[in-house]
Amino acid sequence: MKTIPDPTRYQQLIDGQWSDASTGKRIERQSPGHDKTVSTYPESADADAIAAIAAARKAFDHGPWPSTSAAEREAVLRRTAELIRENADRLGLVECLESGKPITQAKAEMGWAAGIWDYAAALCRTLHGETANALGESLFGMTLCEPLGVASLITPWNFPLLIISQKLPFALAAGCCCIVKPSEFTSGTTLELGKLLSQAGLPDGVVNIVTGYGEPVGRILAEHPDVDIVSFTGSTAVGKKIAAGAAATLKKVSLELGGKNPQILFADAEIEAAADAIAFGIYFNAGECCNSGSRILIHDSIADQVVERVLEKTKKTRVGDPLDENAQVGAIINQSQHEKILQYIEAGKKAGASLKTGGEVMESETGRFIQPTVFDHVPADSSIAREEIFGPVLTVIRFSDTDEAIRIANDSLYGLSASVWSRDFDTALRCARKIRAGTVWINTFMDGAPELPFGGYKQSGLGRELGPEAVNEFTEVKTITARLGPYSDKWS
Ligand code: NAD
Numbered sequence: 142m143k144t145i146p147d148p149t150r151y152q153q154l155i156d157g158q159w160s161d162a163s164t165g166k167r168i169e170r171q172s173p174g175h176d177k178t179v180s181t182y183p184e185s186a187d188a189d190a191i192a193a194i195a196a197a198r199k200a201f202d203h204g205p206w207p208s209t210s211a212a213e214r215e216a217v218l219r220r221t222a223e224l225i226r227e228n229a230d231r232l233g234l235v236e237c238l239e240s241g242k243p244i245t246q247a248k249a250e251m252g253w254a255a256g257i258w259d260y261a262a263a264l265c266r267t268l269h270g271e272t273a274n275a276l277g278e279s280l281f282g283m284t285l286c287e288p289l290g291v292a293s294l295i296t297p298w299n300f301p302l303l304i305i306s307q308k309l310p311f312a313l314a315a316g317c318c319c320i321v322k323p324s325e326f327t328s329g330t331t332l333e334l335g336k337l338l339s340q341a342g343l344p345d346g347v348v349n350i351v352t353g354y355g356e357p358v359g360r361i362l363a364e365h366p367d368v369d370i371v372s373f374t375g376s377t378a379v380g381k382k383i384a385a386g387a388a389a390t391l392k393k394v395s396l397e398l399g400g401k402n403p404q405i406l407f408a409d410a411e412i413e414a415a416a417d418a419i420a421f422g423i424y425f426n427a428g429e430c431c432n433s434g435s436r437i438l439i440h441d442s443i444a445d446q447v448v449e450r451v452l453e454k455t456k457k458t459r460v461g462d463p464l465d466e467n468a469q470v471g472a473i474i475n476q477s478q479h480e481k482i483l484q485y486i487e488a489g490k491k492a493g494a495s496l497k498t499g500g501e502v503m504e505s506e507t508g509r510f511i512q513p514t515v516f517d518h519v520p521a522d523s524s525i526a527r528e529e530i531f532g533p534v535l536t537v538i539r540f541s542d543t544d545e546a547i548r549i550a551n552d553s554l555y556g557l558s559a560s561v562w563s564r565d566f567d568t569a570l571r572c573a574r575k576i577r578a579g580t581v582w583i584n585t586f587m588d589g590a591p592e593l594p595f596g597g598y599k600q601s602g603l604g605r606e607l608g609p610e611a612v613n614e615f616t617e618v619k620t621i622t623a624r625l626g627p628y629s630d631k632w633s
């Protein structure tokens, strides 16, 4: 194992001031790959959450940000993108140490995050309302696109800087003021981002960052009457609590939740490419990925061949020290997730699925590592076929015709993403149209760009991130109607 740097001591950010939690309590984060403390964050309390909301409210109601010009907002977002790139090595290291993901992937994610800030910067200049000029001689209408207000942004641990970058630059582009709560496991890069935003010229109070647990901090951010929108990424179970908490004040809710994403391989699929995408789709980020391609549906005629290739790739997958530049899969985020994955592996065996490889904890001096695992002949109604495992565990289900494949693919509470592998355009596109998921890839997996909207059908979420729509989540439309010339009586 490589040398671990001394822990970084972080503070929370409220109204431009860095401080400890009002209670003085702290959270210690141990690296999942090394069992060493790498960061400590304030365990923000009720009072801190409420102070952060008040700061964002003040910045929105009285501050300059909501009325700055699009050009000024664009400049701040572009500068932030540059600063993320300039600091990518440091940010990547923090992300690697706190999350357990491999260092090369952590650093690459910083580039993707910066690209989203650039895209949101460009959107600043396109925000506008419309005019209605054909309402008759004496009526004229227009719409204004206004910032929604105060936004609570709550994020999970699996892609900390990337996921906040799918929310915050769009909220800022719209002119909103924000309170951010990162996961208690991986708050470091979000707090580092707070420093970069000040450097980029963002006024105090526009972005406030509190750390700590879902209870009380996340709950308060979701429920508080001074918050106008809560944008949450995380588990479906917590997403439901957020929606319930937000309902009392009918605030807008945007949810990016879990998935059990199918990759469907038809008889004419390109086997080499699909096998690569299957291994990447399940082992990337140790399978701790909302988009993880965890359900593979393969046509009977090619199933044995595909499984064989996937097993070869699985056995060659390099699991190890997240700081090792050669590692492809790192450590599991925390003990409870580690145990949950192992319980699913046991459930798979009990359900009669055929364990082809993996299924064990890997030997290591420190940390938590699980072998890349493949189950074949998985009963479609078993828990490993239906529930989000969030680990490096692949489930293979076989099918004999297109309707059966689509039926199995759609037989899920989730609808985040899917992919279709076929060289036949009709098969691929027909299947893509029938699958109830927010993203469907054809002959690829987890490809994308900030220009393309992302979000879930069914219990995978509400609303869309990325793409031109992303900024609309954070705006209100105001209609202005004017009568030209003399008023015509309506009552007398
Ligand atoms: P989680 O739901 O446990 O926690 C997410 C965040 O919510 C954390 O910041 C947590 O502190 C906070 N939280 C917990 N309880 C809360 C409450 N009662 N009120 C308000 N906030 C609360 O999720 P996680 O374990 O951090 O992340 C894994 C989950 O996230 C998986 O289900 C995964 O599919 C999902 N995810 C979805 C996407 C997507 O874009 N759809 C992306 C990444 C992760």
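Sequential numbering of the sequence shown, starting at 142, is according to the working numbering.
Ideal placement from N, C-alpha and C gives every residue a C-beta, glycine not left out.
These numbers were taken from a predicted model, which means no experiment stands behind them.
Expressed to the nearest angstrom, what Euclidean distance is found between the alpha-carbon atoms of G602 and D441?
-> The residue you call residue 602 lines up with position 461 of the sequence shown. The residue you call residue 441 lines up with position 300 of the sequence shown. Each residue's alpha carbon lies about 32 Å from the other.
R219, DSSP secondary structure in three states = As a working note, residue 219 is residue 78 in the sequence shown. Secondary structure at R219: helix, using DSSP grouped into helix, strand and coil.
Would you tell me roughly how many angstroms separate the C-alpha atoms of A200 and G335, rounded to the nearest one?
-> Counting from 1 along the sequence shown, the entry for residue 200 is found at position 59. Counting from 1 along the sequence shown, the entry for residue 335 is found at position 194. So the two alpha carbons sit approximately 16 Å from each other.
Pair every Cβ in the region 468 to 476 with every Cβ in the region 432 to 447, then say whether three or more of these pairs are closer than 8 Å.
-> Contact fails: fewer than three Cβ-Cβ distances are below 8 Å.
heavy atom of the ligand NAD below 7 Å from W298 C-beta | In the sequence shown, residue 298 corresponds to position 157, counting from 1. Within the chosen limit of 7 Å, the ligand NAD reaches the beta carbon of W298 through at least one heavy atom.
Under the DSSP definition of a beta bridge, which residues are partnered with E528?
-> By 1-based counting over the sequence shown, the position of residue 528 is 387. None, per the DSSP bridge assignment.
With a threshold of 7 Å, establish whether the CB of I383 neighbours any heavy atom of the ligand NAD.
-> For the purposes of this step, residue 383 is taken as the residue at position 242 of the sequence shown. Within the cutoff, so yes.
Is the number of C-beta pairs between the region 443 to 459 and the region 266 to 280 that are closer than 8 Å three or more?
-> Contact fails: fewer than three Cβ-Cβ distances are below 8 Å.
Once you ignore the five residues that flank I305 on each side, which residues in its own chain have a CB closer than 6 Å to its CB?
-> The sequence position of residue 305 within the sequence shown is 164, counting from 1. Result list for I305: T296 and T331, in chain order.
With respect to the beta strand (DSSP E) encompassing D544, which residues constitute its N-terminal and C-terminal limits?
-> Within the sequence shown, residue 544 is the residue found at index 403, counting from 1. From DSSP, D544 is part of no beta strand (DSSP E) but of the alpha helix (DSSP H) over T543 to N551.
Selection from G400, S505, K619 and I547 that minimises the alpha carbon distance to L570 | Here residue 570 corresponds to residue number 429 of the sequence shown, with the count starting at 1. Considering only alpha carbons, the answer is I547.
Ordered along the chain, which non-local residues of its own chain (more than five positions away) have a Cβ less than 6 Å from that of W159?
-> Within the sequence shown, numbered from 1, the residue matching residue 159 stands at position 18. These residues qualify, in order along the chain: Q152.
L625 - partner residues in DSSP beta bridges = For the purposes of this step, residue 625 is taken as residue 484 along the sequence shown, with counting starting at 1. Partner residues in a beta bridge of L625, as assigned by DSSP, do not exist.
Per-residue DSSP class, three states only, for T267 = Along the sequence shown, one-based indexing puts residue 267 at 126. T267: coil per DSSP, three-state reduction.
Proximity to E528 [Cα-Cα], best of G508, K456 and G434 = Position 387 of the sequence shown, counting from 1, holds the residue named residue 528. If we check each option's Cα against that of E528, G434 comes out closest.
With a CB to CB cut of under 8 Å and the five nearest residues on each side skipped, what residues in its chain are close to C319?
-> On the sequence shown, residue 319 is found 178 positions in, with the first residue counted as 1. A197, V291, A292, S293, L294, L309, A312, L313, V347, V348 and N349.
Whole-angstrom distance between Y628 and A363, CA atom to CA atom | Translated into positions along the sequence shown, residue 363 becomes position 222. Translated into positions along the sequence shown, residue 628 becomes position 487. CA-CA distance, A363 to Y628, rounds to 45 Å.
Give the straight-line distance between the Cα atoms of P403 and T178, rounded to the nearest whole angstrom.
-> Counted from its first residue, the sequence shown places residue 403 at position 262. Counted from its first residue, the sequence shown places residue 178 at position 37. One C-alpha to the other measures close to 37 Å.
Among A388, A192 and D462, which one has its Cα closest to the Cα of I155?
-> On the sequence shown, position 14 is the one that residue 155 refers to. Out of A388, A192 and D462, A192 has the C-alpha closest to the C-alpha of I155.
Residue ranges of each beta strand (DSSP E) run of no fewer than 3 residues wholly in the region 445 to 480, ordered along the chain?
-> Secondary structure remark: continuous beta strand (DSSP E) runs of at least 3 residues inside the region 445 to 480: none found.
Is the region 243 to 257 close to the region 335 to 344, with three or more CB pairs under 8 Å?
-> Counting C-beta pairs with one atom in each stretch, the region 243 to 257 and the region 335 to 344 have fewer than three that are closer than 8 Å, which means they do not touch.
Per-residue burial, D189 [other beta carbons within 10 Å of its own, 16 or more giving buried] | Within the sequence shown, residue 189 is the residue found at index 48, counting from 1. Counting C-beta atoms within 10 angstroms of its own C-beta, D189 has 16 or more neighbours from the protein chains shown and is therefore classed as buried.
Between the Cα of G355 and the Cα atoms of D230, F326, V581 and I370, which residue gives the shortest distance?
-> The residue you call residue 355 lines up with position 214 of the sequence shown. Taking only the C-alpha atoms, the option nearest G355 is F326.
Does the beta-carbon distance from Q469 to T455 come in below 8 Å?
-> Counting from one through the sequence shown, the residue named residue 469 turns up at place 328. Counting from one through the sequence shown, the residue named residue 455 turns up at place 314. The answer is no: Cβ separation not under 8 Å.
Taking 7 Å as the line, does the beta carbon of T580 fall inside it for any heavy atom of the ligand NAD?
-> By one-based count along the sequence shown, residue 580 stands at place 439. Between the ligand NAD and T580, a heavy atom-to-CB distance of less than 7 Å is absent.
Give me the Cβ distance between I583 and V534, rounded to the nearest whole Å; I'm assuming they're in contact under 8 Å.
-> Start at 1 with the first residue of the sequence shown, and residue 583 comes out as number 442. Start at 1 with the first residue of the sequence shown, and residue 534 comes out as number 393. Going by Cβ atoms, the distance from I583 to V534 rounds to 25 Å, so no, they are not a contact pair.
Where do the ends of the alpha helix (DSSP H) carrying F407 lie?
-> Against the sequence shown, residue 407 aligns to sequence position 266. F407 -> no alpha helix (DSSP H), and no H or E assigned at all.
Going by beta carbon distance, what residues of the same chain come within less than 8 Å of I530, once the five residues before and after it are set aside?
-> Counting from one through the sequence shown, the residue named residue 530 turns up at place 389. Closer than 8 Å at Cβ, skipping near neighbours: G428, S435, K481, I482 and Y485.
Mind checking which residues open and close the alpha helix (DSSP H) that includes H203?
-> Walking along the sequence shown from the start, residue 203 turns up at place 62. For H203, the enclosing alpha helix (DSSP H) starts and ends at D187 to H203.
Pairing CB atoms from the region 414 to 422 with CB atoms from the region 582 to 597, are three or more of them under 8 Å?
-> Counting Cβ pairs under 8 Å, three or more are found: they touch.
Neighbourhood of Y424 by C-beta, 6 Å cutoff - its chain only, sequence neighbours within 5 removed | Within the sequence shown, the letter at position 283 stands for residue 424. For Y424, where only same-chain residues beyond five positions count, the Cβ hits under 6 Å are T458, V470, P513 and P533.
Whose C-beta lies closer than 7 Å to the C-beta of L289 among residues of the same chain, with five residues either side of it excluded?
-> Translated into the one-based positions of the sequence shown, residue 289 becomes position 148. Result list for L289: A315, C317, D369, I370, K393, F615, T616 and E617, in chain order.
Spatial neighbours of A261 in its chain, beta-carbon cut-off 8 Å, leaving aside the 5 residues before and after | Here residue 261 refers to the residue found at position 120 when the sequence shown is read from its first residue. Here the set comprises L218, P310, F311, L313, A314, P591, A611 and V612.
If you compare alpha carbons, which of G489, L464 and G556 is closest to P243?
-> Translated into the one-based positions of the sequence shown, residue 243 becomes position 102. Nearest option by C-alpha distance: L464.
Smallest Cα separation from P148: which of S163, R170 and H479?
-> On the sequence shown, residue 148 is found 7 positions in, with the first residue counted as 1. Considering only S163, R170 and H479, the residue with the shortest C-alpha distance to P148 is R170.
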